[in-house]
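Notes to accompany the following structure.
In our numbering, the protein residues as written are 31 to 466.
Encoded structure:
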């Protein structure tokens with residue numbers, strides 16, 4: 031029983047405390063309401079960052095007055111109900127210009143959207159309506175100036191036409207003066223009266239009310255989108271280039287210069303003091319010349335690299351004469367590089383007079399996707415470094431390496447770019463047996 035009484039007493043005490051905290055004093059509510067009204071007036075003449083900060087403060091004060099000043103005359107809910115009762119009257123006219131003609135033209139040009147006519151306005155709608163009013167005011171000023179220039183030009187043309195009419199009437203007056211004295215006495219002197227042109231009043235822009243009566247925030251977007259049309263087209267071209275042209279250019283570069291990426295990768299990670307790299311060396315073999323993409327000399331062995339340009343899905347089979355590459359829906363076959371590798375190793379053996387410690391490796395780009403098991407001597411660029419550094423036993427002396435360098439000095443590296451340009455316009459020659 032005592033426990034129940036204690037719980038009832040605690041519940042009553044906490045509810046009274048919350049009820050006490052839910053209301054502010056009338057003086058505090060009056061101070062908040064006064065600040066609320068002053069900020070509301072300032073927001074009508076502010077813009078930019080000042081308007082945004084005032085809008086934030088306006089919203090916080092409105093929440094406080096609604097939450098903690100409900101039982102006071104300063105609650106915003108009561109004021110909102112009073113304003114809603116009077117909101118059925120016609121909206122107030124926005125007086126922006128002292129010139130009556132210009133003000134009438136502005137009233138025909140701009141009609142506030144529906145969310146700006148509701149009273150009271152929230153802080154977000156006040157900010158939104160003021161920004162839209164500024165944008166439409168700028169557009170109105172531009173059109174007003176254009177129409178003023180056009181009207182002034184028309185009045186100047188009318189003045190020039192009237193002056194030309196005066197000059198044409200002067201010969202008639204001279205002919206009348208040359209008549210006889212009797213005719214002058216009998217007739218009255220003819221005077222040429224020309225009406226002076228009256229300067230027209232400043233133009234009044236006659237905008238159709240039906241054209242602008244449904245003004246929304248999207249109208250401003252459509253007015254300004256024409257200025258950024260060329261920028262949008264340029265951006266679209268750049269995006270299409272990144273989507274299609276750049277991958278195509280990368281594949282073209284990899285097709286003809288795949289060895290360059292491998293060479294840069296090895297030069298960056300292999301120590302120069304122990305590894306010497308040669309690119310595009312052609313060595314003699316029985317029946318022709320063998321093109322070696324990359325040749326590496328080191329105390330740990332000699333590495334003969336064949337760099338493949340394929341970057342799509344690879345279907346490899348060591349026993350097959352051709353492998354398959356798939357790019358999207360397109361499939362193409364290429365010669366099995368593992369079958370070409372022994373001929374290149376033969377050229378190195380004949381040049382150096384060696385029979386062992388020569389490793390042949392086939393290197394594919396990192397983007398190549400093998401859908402079958404990779405052969406033991408086939409690697410991707412990221413796996414190549416670990417394979418070369420796997421050989422740690424020294425098998426050649428420094429004197430032997432120097433002798434190999436001297437032998438290779440007789441064979442200058444070929445320039446694949448010049449070779450490719452020289453082949454343009456030439457008919458395709460049948461491949462020799464050592465290339466197949």
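For every residue, glycine included, the Cβ atom is placed at its ideal position computed from N, Cα and C. As the structure is a prediction and not an experimental result, all values here were calculated from the model.
Item, Value
"Tell me where the beta strand (DSSP E) around residue 75 begins and ends.", "Per DSSP, residue 75 belongs to no beta strand (DSSP E) and is neither H nor E."
"Closest to residue 315 by CA distance: which of 437, 189, 421 and 372 is it?", "372"
"Work out the CA separation of residue 260 and residue 77 for me, nearest whole Å.", "30 Å"
"Under 8 Å between the Cβ atoms of residue 409 and residue 340?", "no"
"What's the gap between the Cα of residue 364 and the Cα of residue 353?", "5 Å"
"Could you check if residue 180 is buried or exposed, using at least 16 other CB atoms within 10 Å of its CB as the buried criterion?", "exposed"
"Identify every run of the beta strand (DSSP E) within the region 304–369, keeping only runs that are complete inside it and at least 3 residues long; order them along the chain.", "306–315, 318–328, 331–337, 343–345, 352–357 and 360–365"
"What's the gap between the Cα of residue 392 and the Cα of residue 421?", "17 Å"
"Where residue 87 and residue 58 are concerned, what is the direct C-alpha to C-alpha distance, given to the nearest angstrom?", "16 Å"
"What does a CB cutoff of less than 7 Å around residue 125 pick up in its chain, not counting 5 residues either side in sequence?", "133"
"Across which residues does DSSP place residue 390 in a beta bridge pair?", "334"
"Taking residue 403 as the reference, which of 361, 387, 346 and 380 has the closest Cα?", "346"
"Using alpha carbons as the reference points, say which of 79, 428, 434 and 92 lies closest to residue 303.", "428"
"What's the gap between the Cα of residue 472 and the Cα of residue 147?", "No answer is possible for residue 472: the residues shown for the chain start at 31 and end at 466."
"If you draw a straight line from the alpha carbon of residue 387 to that of residue 366, how long is it in whole angstroms?", "23 Å"
"Is it right to say residue 80 is buried, meaning 16 or more other beta carbons lie within 10 angstroms of its own, or is it exposed?", "exposed"
"Please state whether DSSP places residue 96 in a helix, a strand or coil.", "helix"
"If you draw a straight line from the alpha carbon of residue 193 to that of residue 186, how long is it in whole angstroms?", "11 Å"
"Let me confirm a value: residue 435 is counted as buried when at least 16 other C-beta atoms fall within 10 Å, else exposed. Which label applies?", "exposed"
"Under the three-state reduction of DSSP, which class applies to residue 395: helix, strand or coil?", "coil"
"Which two residues bound the contiguous alpha helix (DSSP H) that contains residue 268?", "259–270"
"With H, G and I counted as helix, E and B as strand and the rest as coil, what does DSSP make of residue 194?", "helix"
"Measuring straight from C-alpha to C-alpha, what distance separates residue 63 and residue 91?", "8 Å"
"In angstroms, rounded to a whole number, what distance separates the CA positions of residue 344 and residue 411?", "15 Å"
"Comparing alpha-carbon positions, which option in 310, 101 and 337 lies nearest residue 288?", "337"
"Just to confirm, are residue 334 and residue 375 a CB contact at a threshold of 8 Å?", "yes"
"Let me make sure I understand the geometry here. Which of 318, 301 and 317 has the alpha-carbon closest to that of residue 326?", "301"
"Can the beta-carbon of residue 65 be found less than 8 Å from the beta-carbon of residue 102?", "no"
"Among residues of its own chain, excluding the 5 on either side of residue 368, which ones have a beta-carbon nearer than 8 Å to its beta-carbon?", "348, 392, 405, 407 and 408"
"Buried or exposed: where does residue 139 fall if 16 or more other Cβ atoms within 10 Å of its Cβ makes it buried?", "buried"
"What are the partner residues of residue 378, as DSSP defines its beta bridges?", "DSSP lists no partner for residue 378."
"What three-state label does DSSP hand residue 166 in the structure shown?", "helix"
"Just the C-alpha distance for residue 265 and residue 271, rounded to the nearest angstrom, thanks.", "10 Å"
"Residues bridged to residue 400 by DSSP?", "344"
"Quickly, what does DSSP pair residue 408 with across the bridge? List them, please.", "392"
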